[in-house]
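Only one structure is covered here, and it is reproduced in the block below.
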Amino acid sequence: MFARLFLTHLLAALVAVVALLGFAEWLAPRFYQSHIERMVAAIGPQGHELHADLERGLRSTLTAAWLASLPLAGLLAAGTAWVVSRRVSRSVRLLAHGSRSIAQGHYHDRLPVRGRDELASLAQDFNRMAEALEKVEQSRVELIGSVAHELRTPLAGLQGYAEALADGVLPPEQAAHRIAHEVRAMRRLVEDLSLVSRVEAGAVEIRPQALDPAEALEQALERFELVFAEQGVALRLEPSGPLPAVWADLERLQQVLSNLLANALRHTPSGGEVALKAEPARGGVRFSVRDTGPGIPLEHRARVFERFYRVDSARSRQDGGSGVGLTVARGLVEAMGGTMGLESEVGRGSTFWFTLPLARG
Numbered sequence: 001m002f003a004r005l006f007l008t009h010l011l012a013a014l015v016a017v018v019a020l021l022g023f024a025e026w027l028a029p030r031f032y033q034s035h036i037e038r039m040v041a042a043i044g045p046q047g048h049e050l051h052a053d054l055e056r057g058l059r060s061t062l063t064a065a066w067l068a069s070l071p072l073a074g075l076l077a078a079g080t081a082w083v084v085s086r087r088v089s090r091s092v093r094l095l096a097h098g099s100r101s102i103a104q105g106h107y108h109d110r111l112p113v114r115g116r117d118e119l120a121s122l123a124q125d126f127n128r129m130a131e132a133l134e135k136v137e138q139s140r141v142e143l144i145g146s147v148a149h150e151l152r153t154p155l156a157g158l159q160g161y162a163e164a165l166a167d168g169v170l171p172p173e174q175a176a177h178r179i180a181h182e183v184r185a186m187r188r189l190v191e192d193l194s195l196v197s198r199v200e201a202g203a204v205e206i207r208p209q210a211l212d213p214a215e216a217l218e219q220a221l222e223r224f225e226l227v228f229a230e231q232g233v234a235l236r237l238e239p240s241g242p243l244p245a246v247w248a249d250l251e252r253l254q255q256v257l258s259n260l261l262a263n264a265l266r267h268t269p270s271g272g273e274v275a276l277k278a279e280p281a282r283g284g285v286r287f288s289v290r291d292t293g294p295g296i297p298l299e300h301r302a303r304v305f306e307r308f309y310r311v312d313s314a315r316s317r318q319d320g321g322s323g324v325g326l327t328v329a330r331g332l333v334e335a336m337g338g339t340m341g342l343e344s345e346v347g348r349g350s351t352f353w354f355t356l357p358l359a360r361g
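Residues 1 to 361 in full-length UniProt numbering are what the sequence shown spells out, letter by letter.
Pasting the structure below:
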């Protein structure tokens with residue numbers, strides 16, 4: 001590639017030099033003719049006899065100067081073509097090497113970035129692509145590990161109950177009940193994984209309509225009042241003024257609120273409080289679920305929306321959920337055209353909020 005680039009640049013430079021010489025020979029008389037006329041007039045009567053000789057001398061001198069400078073121009077053109085071709089070919093070789101490394105799974109490789117031209121921009125774009133692929137690969141590995149970890153507990157339970165049933169330690173009815181419980185746990189995990197994959201792929205069906213935010217919060221409050229009361233946690237709806245209608249899917253909105261309320265209930269101790277609120281925001285309505293739990297440390301806040309991520313890794317699936325509720329909630333909110341975020345202070349609780357756009361028209 002270097003040879004082709006070098007010859008191409010050199011040929012372009014030589015064509016430019018030859019064209020410059022040709023145009024200069026053609027246009028030069030138009031520029032020095034007036035000067036010769038002034039010289040002839042200054043010489044006097046004998047100047048007309050010297051006119052042709054002066055023109056030939058000036059033209060031959062100019063041509064000789066052009067020819068003398070031609071080798072130097074050719075060397076300079078060759079040197080420039082060599083430098084430019086070497087840099088371009090080197091960047092292409094690095095890009096090809098990086099592409100082969102990416103194809104072999106070496107996502108941590110990066111290209112050196114030199115300068116501020118298009119080649120440097122290409123190297124930066126390649127590095128950004130490699131970084132994104134590295135994150136995808138890391139996420140894939142973490143997902144496989146998380147799924148294996150989540151399946152390990154119910155599978156171990158199934159194996160233990162099957163062995164107890166075979167040894168006659170457990171009566172068939174009791175073993176069947178416990179096996180059914182573990183199977184339901186595995187089924188919930190599979191359903192959670194299926195929902196997460198559809199949410200992240202944007203394949204969740206959304207049927208938006210104009211909804212009253214206050215009415216949606218009241219429905220969520222009615223669904224969870226008894227559950228919160230059983231756990232000794234107060235659930236209340238904070239008052240707000242008149243609210244405009246939002247453009248959202250009622251079923252998906254209730255699913256988001258349910259995930260946030262279930263998450264708040266798990267992390268709020270008995271005697272605590274969870275508050276629901278909706279208020280106007282720029283271009284939409286802001287919903288929030290505030291709890292009085294222990295709060296989320298700063299180092300965990302950026303990852304709470306990741307699949308299977310738990311702030312307290314010691315929590316089991318039974319008492320800590322599947323770890324995908326917040327992932328699903330954020331995906332559904334974004335599918336309805338909103339955004340989701342978190343505000344938390346250690347020791348004082350957390351507030352999960354999301355916005356939804358206003359109803360059309």
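We put the CB at the ideal spot given by N, CA and C, even for glycine.
Point to revise | Pairwise C-alpha distance: R152 and W353 | key: For the pair W353 and R152, the Cα-to-Cα distance works out to about 33 Å.
Review point. Under 8 Å, do G284 and P357 count as touching if we go by C-beta distance?
Key: Yes, the Cβ-Cβ distance between G284 and P357 is below 8 Å.
Check your understanding: Anyone know if the C-beta pair for G293 and G271 falls short of 8 Å?
Key -> Contact check for G293 against G271 fails: the beta carbons are separated by 8 Å or more.
Check your understanding: What span of residues does the alpha helix (DSSP H) with T153 cover, start to end?
Key -> Run containing T153: E118 to D167, per the alpha helix (DSSP H) assignment.
Check your understanding: Can you tell which of P154, A175, R290 and R236 has its C-alpha closest to the C-alpha of A185?
Key -> Of the listed residues, the one whose Cα sits closest to A185 is P154.
Check your understanding: Between the C-alpha atoms of S146 and L326, what's the straight-line distance to the nearest angstrom?
Key -> Distance between the alpha carbons of S146 and L326: 16 Å.
Exercise for review: Please go through the same chain and pick out, in chain order, the residues whose beta-carbon is closer than 6 Å to the beta-carbon of L253, but skip the five residues on each side of it.
Suggested key: Taken in chain order, the residues that qualify are A216.
Exercise for review: Whole angstroms is fine: what's the gap from Q231's alpha carbon to H267's?
Suggested key: Linking Q231 to H267 through their CA atoms gives a straight-line distance of about 11 Å.
Exercise for review: Would you be able to state if there are at least three C-beta pairs under 8 Å between the segment 162 to 181 and the segment 196 to 209?
Suggested key: Counting C-beta pairs with one atom in each stretch, the segment 196 to 209 and the segment 162 to 181 have fewer than three that are closer than 8 Å, which means they do not touch.
Practice item. Apply the 10 Å Cβ neighbour rule to I296 and answer buried if 16 or more other Cβ atoms are within range, or exposed otherwise. Key: Classification for I296: buried.
Review point. Sorted by chain position, which residues of the same chain lie with C-beta nearer than 6 Å to G341's C-beta, five sequence neighbours on each side aside?
Key: The answer, listed in chain order, is W353.
Review point. Whole alpha helix (DSSP H) runs in the segment 82 to 118 with 4 or more residues, listed along the chain?
Key: Fully contained in the segment 82 to 118 is no alpha helix (DSSP H) run of length 4 or more.
Review point. Given Q318, which residues of its chain have a CB within under 6 Å of its CB, disregarding the five upstream and five downstream residues?
Key: With a pLDDT of only 48 at Q318, under 50, the local geometry of the prediction cannot be trusted, and the value read off the model is given with reservation. None.
Review point. How would you label R116, buried or exposed, when you count the other beta carbons within 10 angstroms and need 16 or more for buried?
Key: The residue is exposed, with fewer than 16 neighbouring Cβ atoms inside 10 Å.
Practice item. Assign V346 to one of three DSSP states: helix, strand, or coil. Key: Here V346 sits in coil by DSSP.
**Study point:** Cβ neighbours of G220 in the same chain (closer than 8 Å, five flanking residues each side left out)
**Key:** Correcting the residue identity first, residue 220 is Ala in this sequence and not Gly. Hits under 8 Å: Q254, L257, S258, L261 and L276.
Check your understanding: In this structure, what does DSSP give as the bridge partners for V285?
Key -> Bridge partners of V285: P280 and L356.
**Study point:** Cα-Cα separation, I43 to D53
**Key:** Taking the straight line from one Cα to the other gives about 13 Å.
**Study point:** Integer-rounded CB distance, given that L243 should sit under 8 Å from P280
**Key:** With 8 Å as the limit, P280 and L243 qualify as a contact, their Cβ atoms being about 7 Å apart.
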